[in-house]
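See structure below.
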């Protein structure tokens with residue numbers, strides 16, 4: 009079976025013992041700096057919100073995390089399509105890594121959402137459109153991962169997971185749409201309206217912006233590492249085919 | 114191809130007819146769920162009445178999981194999967210046949226459950242066109258999506274736990290939509306229900322296509 | 004000898020007795036993997052039309068995998084592999100409706116009767132319904148036995164039912180994995196008779212067996228498999 013070689017240069021060589029490289033070291037460094045800047049602006053320099061108080065600071069992580077999760081899902085579906093269409097293992101691993109990182113960010117979104125909700129609404133959970141959709145997203149991702157992590161041959165796992173992955177984005181769209189309709193056709197009191205409707209500007213807007221940058225960098229760093237780990241794992245599994253064939257024939261010669 | 118699909122559907126229904134699993138186990142299970150809801154929700158306080166549409170569709174979904182699991186466990190007999198691949202039946206026909214068989218069983222289930230809620234929960238039925246259309250569209254949606262994910266989980270040791278995890282989140286929009294449509298019909302405001310039927314039709318269309326395309330590749334395994 | 008053009012075959016791939024040009028099976032260095040394990044590690048095999056070929060060898064030699072691979076169920080990952088003129092490495096699905104495989108697994112629905120099963124599989128293969136009835140009769144699945152649910156049958160009866168499904172399809176290439184196993188002496192005689200008739204009618208048969216005396220008498224050629232490769236071939240002079 010041929011393996012796509014358009015992966016980052018330092019991955020083609022089956023030799024490396026770690027998944028780090030110059031690229032990821034630089035990326036990681038920049039990400040750390042971005043996180044520091046985010047902490048500075050988000051926690052210290054930007055003001056508290058008139059309505060939400062200090063809780064607004066959580067949104068600087070919550071909103072970008074949600075976006076990161078959706079981007080991860082998009083990668084999963086794209087990778088799944090390309091795997092089914094072109095049999096590209098590289099893209100299949102992108103799909104897998106994308107799903108795992110998306111799951112992480114979905115959990116972060118849910119947790120930060122709940123942490124934001126407590127001081128703002130007084131409760132940890134409400135069945136509003138956004139939170140509910142995010143919870144559904146998590147379940148859909150867990151389903152994909154359950155299939156991808158089966159104990160079976162790579163081909164079996166990959167193909168089945170790819171079908172599930174291919175449908176991930178359509179499912180997410182349909183679920184979001186139905187949850188949205190559901191929650192807006194029944195008008196709930198404005199107590200539960202999402203605080204993001206209020207105007208956000210100035211330093212708060214800048215903090216949100218740095219949030220996006222920082223999360224994007226962390227997302228990318230995690231994605232590359234996760235991809236490489238998966239890549240190496242599959243490489244290891246494949247090694248020794250020639251030796252296995254020779255062994256098999258020797259078994260026959262002695263029979 | 115349609116003849117092949119019908120052949121497969123008839124075969125599945127004949128298996129059901131001889132083994133009577135749906136009749137003896139799935140149907141009673143569905144009615145049992147309705148009864149359990151009554152225990153949990155105390156009929157005297159009006160909760161049961163208000164929740165009827167949702168409870169109906171939850172019962173349908175849980176029972177559908179059993180029916181879908183059964184549809185694939187019959188194919189797990191020794192050598193049957195290989196025989197299907199060798200038979201020359203086009204995978205699309207095989208998929209369609211299975212969808213038809215599951216859909217027919219679900220329709221019977223839904224009718225019986227409908228009688229169940231009328232009798233057990235005292236529901237008074239209005240808005241027939243919306244009710245019937247909802248049942249038809251939801252059945253297609255459940256059968257197509259369920260069969261596709263059923264194949265994904267088929268033949269695996271973990272099938273029984275994997276299938277619900279895959280199917281229930283995917284079918285959540287169907288639950289939301291059909292419940293809202295039923296509420297609209299029973300509440301006398303059918304115009305609010307039809308958009309939901311539209312949404313579920315889109316869902317069903319997506320899965321008809323996905324199933325037809327995905328079933329073949331999924332059957333192929335070394 | 005001038006070879007006529009290959010005979011036209013319909014969807015079910017029935018052999019109509021005319022000789023075809025070229026070998027029915029042609030393998031060179033064929034490798035097939037089961038997961039990571041090279042079940043077939045470079046098989047060289049040629050089977051001419053209308054021959055009955057016996058595959059023998061120790062357990063684990065790859066006989067079952069070879070039969071399944073020839074049926075297009077297992078893919079070849081290296082070497083040349085052509086069956087009935089179809090390149091299995093390019094498209095192994097194309098050959099499936101033209102071969103018949105009698106596998107270890109019965110391939111029958113336990114909840115349905117013998118007749119239901121044979122008729123279903125016959126219709127699925129677009130073969131003649133009359134052939135289904137004839138096949139059941141030939142294999143001693145008569146009268147009340149046809150209406151018995153497969154789950155209640157003995158091993159031997161189940162084997163006969165599986166064989167009936169294959170016979171009814173009239174494939175060009177018969178792949179039989181231990182056809183004698185589980186059958187009593189009468190059953191084995193019937194199997195032998197059917198195999199000889201099929202070969203005479205133009206089909207090619209490849210069978211594996213541990214039942215050597217009977218199988219050697221039945222076959223035209225013997226191929227010995229070990230360690231996923233062919234280690235010996237021989238033309239059988241007896242019978």
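Residue numbers (our numbering), protein chains in the order written: chain A, 9 to 263; chain B, 114 to 335; chain C, 4 to 242.
Virtual Cβ for every residue (Gly too), placed ideally from N, Cα, C.
Between the alpha carbons of residue 226 (chain C) and residue 50 (chain C) lies a gap of roughly 10 Å. Cβ proximity to chain B below 9 Å picks out 103, 104, 106, 107, 108, 109, 110, 111, 112, 113 and 114 from the stretch 103–114 of chain C. DSSP, reduced to helix, strand and coil, places residue 175 (chain A) outside both helices and strands of the structure shown, so it counts as coil.
Sequence-ordered contacts of the stretch 109–143 of chain C with chain B read 109, 110, 111, 112, 113, 114, 115, 116, 119, 123, 124, 126, 127, 128 and 129 [C-beta pairs closer than 9 Å].
Proximity of residue 196 (chain B) to chain C, defined by a Cβ-Cβ separation below 7 Å, is satisfied. For the C-beta of residue 286 (chain B), the chain A residues within less than 7 Å are, from N- to C-terminus, 182, 183 and 186.
Assigned with DSSP and collapsed to three states, residue 132 (chain A) falls in coil, not helix or strand. Residue 67 (chain A) and residue 172 (chain B) have their alpha carbons spaced roughly 39 Å apart.
Shown here for residue 233 (chain C): same chain residues with a beta carbon closer than 8 Å to its own, the five before and five after excluded, namely 46, 47, 48, 226 and 227 in chain order.
For the 7 Å CB-CB criterion, residue 321 (chain B) and residue 178 (chain A) do not form a contact. Sorting C:30, C:199 and C:235 by C-alpha distance to the C-alpha of residue 87 (chain C) places C:30 at the top.
C:202 is the residue among C:202, C:215 and C:193 whose C-alpha sits nearest the C-alpha of residue 174 (chain C). For residue 213 (chain B) against residue 277 (chain B), the beta-carbon gap comes to about 23 Å, at or over 8 Å, which does not count as contact. Contact annotation for residue 95 (chain A) against chain C: no contact, minimum CB-CB distance about 13 Å [criterion: below 9 Å].
Following the DSSP letters along the chain, one finds residue 245 (chain B) inside the alpha helix (DSSP H) bounded by residues 241–266. The three-state secondary structure of residue 125 (chain B), taken from DSSP, is helix. Taken through DSSP and simplified to helix, strand or coil, residue 29 (chain C) comes out as strand. Under the three-state reduction of DSSP output, residue 159 (chain A) falls in the coil class, being neither helix nor strand. A distance of 7 Å or more separates the beta carbons of residue 282 (chain B) and residue 316 (chain B).
In the three-state scheme derived from DSSP, where H, G and I count as helix and E and B as strand, residue 127 (chain A) is classed as helix. Leaving aside the five residues that flank residue 242 (chain A) on each side, the residues in its chain whose CB is nearer than 8 Å to its CB run, in chain order, 97, 101 and 162. Considered as a whole, the stretch 175–236 of chain C harbours 176–180, 207–211 and 224–229 as its complete beta strand (DSSP E) runs of no fewer than 3 residues, in chain order. 7 Å or more divides the Cβ of residue 238 (chain A) from the Cβ of residue 82 (chain A). Closest option to residue 120 (chain B), judged by alpha-carbon separation, among B:175, B:203, B:194 and B:190: B:203. Per DSSP, the beta bridge partners of residue 37 (chain C) are C:40. Between the stretch 113–124 of chain A and the stretch 132–146 of chain A, the count of Cβ pairs shorter than 8 Å is three or higher; the stretches touch.
In the DSSP assignment, residue 81 (chain C) falls within the beta strand (DSSP E) that extends over 79–86.
Scanning its chain for C-beta atoms nearer than 7 Å, with the 5 sequence neighbours on each side dropped, one finds around residue 44 (chain C) the residues 34, 230, 231 and 232, in chain order. Taking 8 Å as the upper bound for CB-CB distance, residue 134 (chain C) and residue 171 (chain C) are in contact here, some 4 Å apart. In the displayed model, residue 47 (chain C) falls within a strand according to three-state DSSP. Residue 157 (chain C) is outside the set of residues whose beta carbon lies under 7 Å from a beta carbon in chain B.
Within the stretch 239–258 of chain B, no residue has its Cβ closer than 7 Å to any Cβ of chain A. For a Cβ distance threshold of 9 Å, nothing in chain A lies close to residue 93 (chain C): the least Cβ distance comes to about 15 Å.
In this model, residue 200 (chain B) and residue 129 (chain C) are separated by some 9 Å (Cα to Cα).
Scanning A:54, A:190 and A:240 for the CA closest to the CA of residue 217 (chain A) turns up A:54. Sequence-distant Cβ neighbours of residue 41 (chain C) in its own chain, meaning closer than 8 Å and more than five residues away, are 34, 35 and 231.
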